[in-house]
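Colleague: Per numbering that gives the first Met the number 0, the sequence shown runs over residues 0 to 261.
Following this message is one structure expressed as structure tokens.
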Amino acid sequence: MWVDLTIPGKYNWWFRISLPGFVFGVKILDWCVERINPRSMIAIVGPSGGGKSLLVRNTASYHLSRGGFVTYLALDDDPQHVVNSLSSVAGEELVRSSISRGAFRIIDGFSHRMLPLKPPQDIISRSISSLTPEEILSAVRLESAYMSEKGGGGIMIIDSYNEILSSIEISSATELLKRIRAVVSKGYGVTTLVIVHTDSEDIAEWLKTIENMLDGVVVANLEMDVAKKRVTRYFYIKKMRASAHCVEPIEYRVDRGKIVPP
Ligand SMILES: Nc1ncnc2c1ncn2[C@@H]1O[C@H](COP(=O)(O)OP(=O)(O)OP(=O)(O)O)[C@@H](O)[C@H]1O
Ligand SMILES: [Mg+2]
């Protein structure tokens with residue numbers, strides 16, 4: 000986005016500056032959007048296996064490799080799985096060094112279910128002992144404050160919100176999402192990527208009721224051509240507030256965990 004600035008005085012200096020926006024770090028997707036406000040909450044939605052976690056792993060890998068900060072609220076899978084799957088895209092060394100310099104942080108919202116067993120403690124920054132709105136909000140608030148202190152920006156990944164939707168009342172889950180957007184994205188300026196599986200009709204319906212609150216919606220989907228034994232993977236940008244974007248499906252392939260053009 001270009002912004003014109005004029006400094007009044009004898010010569011009336013005039014500048015045109017470009018404000019940095021959030022990028023997914025996936026060229027085929029970033030080419031399709033004019034500019035994403037970093038203070039956004041973007042939902043990554045689609046069916047199971049559609050490529051939602053794949054997209055956020057690619058985004059996390061891109062930002063960590065450039066010295067950025069990423070917090071992953073792990074709800075669907077254990078922290079070790081999150082580390083392993085991110086390592087398959089970003090490389091073990093980058094993930095290990097990002098954890099040790101405090102740039103890649105995992106909020107463990109999974110392991111409370113496997114007590115008294117515990118995951119390796121050296122890979123997690125914070126644990127949630129039960130999925131209550133208070134605990135979740137407190138954990139994301141503290142991690143956002145940390146990322147903001149480290150120089151601003153940062154990304155909060157929530158994988159997935161379905162775990163929260165199935166743990167608390169639907170109206171509380173809606174209110175919690177609004178609060179996370181207000182605190183994390185608007186308050187601390189951290190871009191929130193919230194994953195929602197839409198296989199269930201109830202969830203797809205719920206999503207429609209909150210879409211107006213979201214700053215962006217990216218659909219991750221696949222189509223199977225059984226006759227040709229071929230799977231086509233694609234994203235499409237359903238909504239991106241205050242930005243021009245493509246409306247057609249963006250096809251891609253996966254090469255060693257990376258999203259690449261078809
Ligand atoms: N390293 C990889 N190499 C090749 N293909 C991969 C790799 N990682 C993921 N994929 C493919 O991407 C697809 C999407 O996986 P992903 O885990 O992102 O789905 P998802 O939308 O998060 O699903 P769920 O809702 O079940 O969590 C997988 O089915 C798999 O075929
Ligand atoms: Mg997933």
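Note that beta-carbon positions come from the ideal geometry of N, C-alpha and C, so glycine has one too.
(1) Helix or strand or just coil, what does DSSP make of residue 1?
(2) Three-state secondary structure (DSSP) at residue 57?
(3) Let me check understanding here. Comparing Cα to Cα, which of 121, 190, 72 lies closest to residue 95?
(4) For a test of your reading of the model: does the CB of residue 85 fall under 7 Å from any non-hydrogen atom of ligand 1? Yes or no.
(5) Let me know the secondary structure DSSP gives residue 104 once reduced to three states.
(6) Would the region 151–164 and the region 68–78 be scored as touching if the rule is three or more Cβ pairs under 8 Å?
(7) Could you tell me the distance, in whole angstroms, from the CA atom of residue 46 to the CA atom of residue 209?
(8) Alpha carbon to alpha carbon, how far is residue 63 from residue 242?
(9) Just verifying my parser: in three-state terms, what is the DSSP assignment at residue 45?
(10) Can you look up residue 262 in the DSSP assignment and give me helix, strand or coil?
(11) Give the straight-line distance between the Cα atoms of residue 101 and residue 193, rounded to the nearest whole angstrom.
(12) Write down every uninterrupted run of the alpha helix (DSSP H) in the region 59–127 whose length is 4 residues or greater and which is fully enclosed by it, in chain order.
(13) Alpha carbon to alpha carbon, what distance is there between residue 93 and residue 253?
(14) Using only CA atoms, which one of 197, 137, 38, 233 lies nearest to residue 152?
(15) Roughly how many whole angstroms lie between the Cα atoms of residue 2 and residue 35?
(16) Would DSSP call residue 149 helix, strand or coil?
(17) With DSSP collapsed to three states, give me the class of residue 210.
(18) Please name the residue, chosen from 147, 143, 227, that lies closest to residue 71 on a Cα-to-Cα basis.
(19) If you measure between the beta carbons of residue 97 and residue 111, is that distance less than 8 Å?
Modeller: Working from what's here:
(1) Summary for residue 1: the model assigns pLDDT 47, below 50, so the residue's position carries little reliability; its value from the coordinates is reported in the next sentence. Strand at residue 1.
(2) The three-state secondary structure of residue 57, taken from DSSP, is helix.
(3) The shortest Cα separation from residue 95 among 121, 190, 72 belongs to 121.
(4) Not so, every heavy atom of ligand 1 lies at least 7 Å from the Cβ.
(5) In the three-state reduction of the DSSP assignment, residue 104 falls in the strand class.
(6) A contact exists between the region 151–164 and the region 68–78.
(7) Note on geometry: alpha-carbon atoms of residue 46 and residue 209 lie some 18 Å from one another.
(8) Rounded to whole angstroms, residue 63 to residue 242 spans 25 Å at the Cα level.
(9) Reduced to three states, the DSSP call for residue 45 is strand.
(10) Lying before the first or after the last residue shown, residue 262 is absent from the chain, which here runs from 0 to 261.
(11) If you draw a straight line from the Cα of residue 101 to the Cα of residue 193, it is about 21 Å long.
(12) Segments of the alpha helix (DSSP H) lying fully in the region 59–127: 78–89, 91–99.
(13) Straight-line measurement puts the Cα of residue 93 at about 20 Å from the Cα of residue 253.
(14) Closest by alpha carbon: 38.
(15) Its pLDDT being 49, under 50, residue 2 is placed unreliably in this model, and the coordinates cannot settle the point.
(16) Coil, per DSSP.
(17) Residue 210 carries a coil assignment under DSSP once its states are collapsed to helix, strand and coil.
(18) Checked all of 147, 143, 227; the closest Cα to residue 71 is 143.
(19) Cβ atoms of residue 97 and residue 111: not closer than 8 Å.
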